[in-house]
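Peer 1:
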Amino acid sequence: MENVINYEYLIQEYRSLWKNRLLSTDLDAKNSLIDAIRRELKDENTHPRVRKTSIEKYYLATKRIMESNFSEGSKISLIQLHIEQMKDIYKSS
């Protein structure tokens, strides 16, 4: 049985964690969420002189997700998206 992800719901959960993060409005919910996660992991929202590594950002993001009051399903889905994006970031570097 395939796990169906509700990206519309997850993007709302993501917004509640990072209230001031800009999300792309010209993409669908899935791609907007993935774009936001990639920017977060690459620390593109921070001035270049104070950026953290992707590993540090991954740790902070997953910690924040785990400490949230989200359902276990939402936590797992968001962390899985972070893992997939980390793999992709490291493949392309």
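Quick note: the sequence shown uses the numbering used here, first residue 601, plus one each step.
In this text, a Cβ means the ideal position worked out from N, Cα and C, and glycines have one as well.
The structure presented is a predicted model; accordingly, all values stated were derived computationally and were not measured.
When we look at the beta-carbon of leucine 622 and count the other beta-carbons within 10 Å, is it buried (16 or more) or exposed?
Peer 2: Here the question's residue 622 lines up with position 22 in the sequence shown. That one is exposed.
Peer 1: Measure the alpha-carbon distance for glutamate 686 versus arginine 638 and round it to whole angstroms.
Peer 2: In the sequence shown, counting from the first residue as 1, residue 686 sits at position 86. In the sequence shown, counting from the first residue as 1, residue 638 sits at position 38. The question names glutamate, yet the displayed sequence has methionine at residue 686. In a straight line, the C-alpha of methionine 686 is about 8 angstroms away from that of arginine 638.
Peer 1: With a Cβ-Cβ cutoff of 7 angstroms, do serine 654 and isoleucine 679 count as a contact?
Peer 2: Locating residue 654 in the sequence shown gives position 54, where the first residue counts as 1. Locating residue 679 in the sequence shown gives position 79, where the first residue counts as 1. No, these two residues do not count as a Cβ contact at 7 angstroms.
Peer 1: Run through DSSP, which three-state label would asparagine 631 get?
Peer 2: Mapped onto the sequence shown, residue 631 falls at position 31. If DSSP states are grouped into helix, strand and coil, asparagine 631 belongs with the helices.
Peer 1: Output yes or no for whether 7 angstroms exceeds the beta carbon distance between leucine 641 and lysine 657.
Peer 2: Residue 641 sits at position 41 when you count from the first residue of the sequence shown. Residue 657 sits at position 57 when you count from the first residue of the sequence shown. Going by C-beta atoms, leucine 641 is nearer than 7 angstroms to lysine 657.
Peer 1: Using the three-state DSSP reduction, which class does histidine 647 fall into: helix, strand or coil?
Peer 2: Locating residue 647 in the sequence shown gives position 47, counting from the first residue. Histidine 647: coil per DSSP, three-state reduction.
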